[in-house]
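J.:
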Amino acid sequence: MAKRRGKRSRRQRRILNPHRKIQQVIEGADFINSMPDEILNHILSFIPIDLAIRTSVLSRRWRHAWCELPCLHLRTTAKGIDQTLLSYRRLKIMSFKLCVTHKVTEPQFNSWVEFAMSRNVGELSLTGLFFYYETYGFPDCFYLSSSLRQLNLVDFDMLPGCTVSWNFLRRLTLSSCSLYDESIANILSGSPNLETLQLFYCGGLLKRLDLSKSLSLRALEIYGWSQRSGQMEIVAPHIHYLNLKNSDVAPCTLVDVSSLADAILCIGLNRYRPFKAGFQQYADVLQTIVLKMLAKLQNVERLTFCGGYLLQILSLAMLCGVRLPKLKVQSLTVQTNFARSFIPSIARLLQNSPGLKKLEVHATYVSYIKDADLDEYLRISQGLDSDTCWRSKHEVFPTTSRMYSMSDCNDAKMKLLGSFLRLVLRNAKRLEKIVVWLGDSYFSDEQMERLLMVGTLSPNNNVSIEFK
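Residue numbers (the UniProt record's numbering): 1 to 468.
1) Excluding five sequence neighbours on each side, which residues of the same chain lie with their C-beta closer than 8 Å to the C-beta of isoleucine 49?
2) Where does lysine 326 land, buried or exposed, given buried means 16+ other C-beta within 10 angstroms?
3) Residues in the same chain with beta-carbon distance under 6 Å from glutamate 233, minus the five sequence neighbours each way, listed in chain order, please.
4) Within this structure, are the beta carbons of arginine 171 and leucine 153 separated by less than 9 Å?
5) State the DSSP-derived secondary structure class of cysteine 78, mapped to helix, strand or coil.
6) Contact defined as beta carbons within less than 8 Å: I believe serine 353 pairs with leucine 319. What is the distance between those atoms, to the nearest angstrom?
7) Of all the alpha helix (DSSP H) runs that stay within the bounds of the region 366-440, which reach a length of 4 or more residues?
8) So for glutamate 328, helix, strand or coil by DSSP?
9) Taking the alpha-carbon positions, what's the glycine 28 to aspartate 82 distance?
10) Using the Cα positions of aspartate 373 and lysine 415, report the straight-line distance between them to the nearest angstrom.
11) What is the C-beta distance between leucine 303 and alanine 263, in whole angstroms, given that I count them as a contact (C-beta under 8 Å)?
12) Under 9 Å between the Cβ atoms of leucine 91 and asparagine 120?
13) Serine 125: which of Ser175, Pro160, Glu106 sits nearest, CA to CA?
14) Roughly how many angstroms separate the alpha carbons of serine 341 and phenylalanine 467, rounded to a whole number?
15) For asparagine 246, does the three-state DSSP call read helix, strand or coil?
16) What do you reckon, are the CB atoms on glutamine 335 and glycine 308 nearer than 9 Å?
17) Going by CA-CA distance only, name the one from Asp411, Leu40, Cys306, Pro251 that's closest to tyrosine 368.
18) So for isoleucine 239, helix, strand or coil by DSSP?
19) Tell me which same chain residues have a C-beta within less than 6 Å of the C-beta of serine 115, skipping the five on either side of it?
20) Contact check, isoleucine 381 vs alanine 283 under 8 Å by CB: the rounded distance?
21) For leucine 206 versus proline 237, is the C-beta distance shorter than 9 Å?
22) With DSSP run on the structure shown, which of helix, strand or coil describes glutamate 114?
23) Can you name the residues that DSSP bridges to aspartate 157?
24) Looking only at its own chain, which residues have a Cβ that is under 6 Å from the Cβ of glutamate 360, when we skip the five neighbours before and after it?
25) What residue does the beta strand (DSSP E) around tyrosine 223 start on, and which one ends it?
26) Of all the alpha helix (DSSP H) runs that stay within the bounds of the region 287-337, which reach a length of 4 or more residues?
27) Rounding to the nearest angstrom, what Cα-Cα distance links glycine 161 and serine 216 in this structure?
28) Would you give the residue range spanned by the beta strand (DSSP E) that glutamine 351 belongs to?
29) If we call anything under 9 Å between Cβ atoms a contact, is asparagine 337 one with methionine 403?
30) Going by DSSP, which residues form a beta bridge with residue 477?
31) Where do the N-terminal and C-terminal ends of the beta strand (DSSP E) with valine 255 fall, by residue?
32) Quickly, what does DSSP pair serine 95 with across the bridge? List them, please.
33) Go ahead and label serine 145 buried or exposed: buried means 16 or more other beta carbons lie within 10 angstroms of its beta carbon, across all protein chains shown.
34) Taking the alpha carbon of threonine 105 as the reference point, which residue from Arg89, Thr127, Tyr136, Thr76 has its own alpha carbon closest?
35) Would DSSP call valine 104 helix, strand or coil?
Written out as structure tokens, the structure reads:
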């Protein structure tokens, strides 16, 4: 009892002695205050700039700490930006991001750009959504920088008024910008060490993206290219990675991608909506475009098809007697469902990829061409019986409309997935691994075991099947 009372009394003494906690807080504060400026700046860089500025009231030590931050990310009004930059002291800015929340004038924006360039900024991100005028032109100092490593621009007309000199630029991202043949040629020639080019939802009158002189460029990403200038030719003999996600199948034509190793294709049909002008009118054109694109990807090692349009168009071409090219793909990823209009192209891609080792399937909802439009094209334009064409080899797979009516029946989906796996194993002889992403589908442990048994039924018992 005495020992227990002793413990209680010590606990009470700690509670009754608040100075002990105050001393611990002071010691902690002294520890932070004793940190070098570089560490304090690193800590402050993880919070928004307005909160970092508020730390100036904590003590004399913190009064000007935020003024030396290596990264300056501003999202505020013109007045707030002016006040912040007026107090900022650091001579070298690692990262400068500017997003104005209210309309500004051209002289105001120019002064902020000139400020960033005068501080030898390494990473620069500018958003030009709020101007009183239609076209904004950057000052010449913007295009003359030996410090820029990364540049991200949103909603600008790219019209350099001088010869561009970005000798050390590695990554260029242009979003919702207007591009033109002469201006992009000027930018590319002035960026000899560019490694990654990203064009997101850009427009303008760019008809030819010639990257043949960009010897260091390895990655090209194009999302949602505008049709204002029609089709854009892509000449990129040095890139190793291509991510092409367009709302239309036509705007980008691959001319030279001879060094390409990794390609992601996600193509839409906004321009060829069947309910607008009729699918038959464009079916032949679509097949020609897709087949030409696939022919340029024969040496690709990793190939990804996102969405259903490409697979359906390839299936249609096959049923019309067109032969698909041989591929050197080692890893194939498809985003698809298991409707009959997707299956012929997947089976042929597997057959024409003798070196394929890994297949990744994302079983999910995808945009698709209606079965009625595909059947009408086969019947009217090609004189073929659609039922015979689709059911000759793949009658176990349903139409797209029936496929989605099975969404709540896991037992039917499990049988369909089993049929798909058997088809894969019949057509891919050297396959080593299959990864299936099931999305929101739920299967019981017993059903999963039955699916995994499919792999043991194939001639190649070494294939690994993984569900996620």
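Glycine included, C-beta positions come from ideal geometry on N, C-alpha and C.
T.: Looking at the atomic coordinates:
1) Trp66, Leu69, Leu72, His73, Leu74, Thr84
2) Burial call: exposed.
3) Arg208, Thr253, Val255
4) no
5) This sequence places alanine at residue 78; cysteine is not what is there. Helix.
6) Between serine 353 and leucine 319 a beta carbon distance of about 20 Å is seen, past the 8 Å cut, so the two are scored as non-contacting.
7) 371-376, 386-394, 400-405, 410-427
8) The residue you asked about is not glutamate; residue 328 is lysine in the sequence shown. Lysine 328: coil per DSSP, three-state reduction.
9) Caution applies to glycine 28, whose pLDDT of 48 falls short of 50 and renders its modelled position unreliable; the value that the coordinates give is listed next. Each residue's Cα considered, the two are about 35 Å apart.
10) 27 Å
11) 5 Å
12) yes
13) Ser175
14) 24 Å
15) strand
16) yes
17) Cys306
18) coil
19) The displayed chain sequence assigns phenylalanine, not serine, to residue 115. Short of 6 Å from the beta carbon of phenylalanine 115, and not among the five residues preceding or following it, lie these beta carbons of its own chain, in chain order: Leu85.
20) It is serine, not isoleucine, that sits at residue 381 in the sequence shown. About 7 Å separates the two Cβ atoms, so the contact holds.
21) no
22) helix
23) Looking at the DSSP assignment, aspartate 157 forms a beta bridge with Ser178.
24) Thr333, Val435
25) 219-223
26) Those alpha helix (DSSP H) runs which fall completely within the region 287-337 and span 4+ residues are 309-319.
27) Distance between the alpha carbons of glycine 161 and serine 216: 25 Å.
28) That residue, glutamine 351, is in no beta strand (DSSP E); its alpha helix (DSSP H) goes 343-351.
29) Taking the C-beta atoms as reference points, methionine 403 is found nearer than 9 Å to asparagine 337.
30) Outside the modelled stretch of the chain, which goes from 1 to 468, sits residue 477, for which no answer is possible.
31) 252-256
32) Cys71, Glu123
33) buried
34) Tyr136
35) strand
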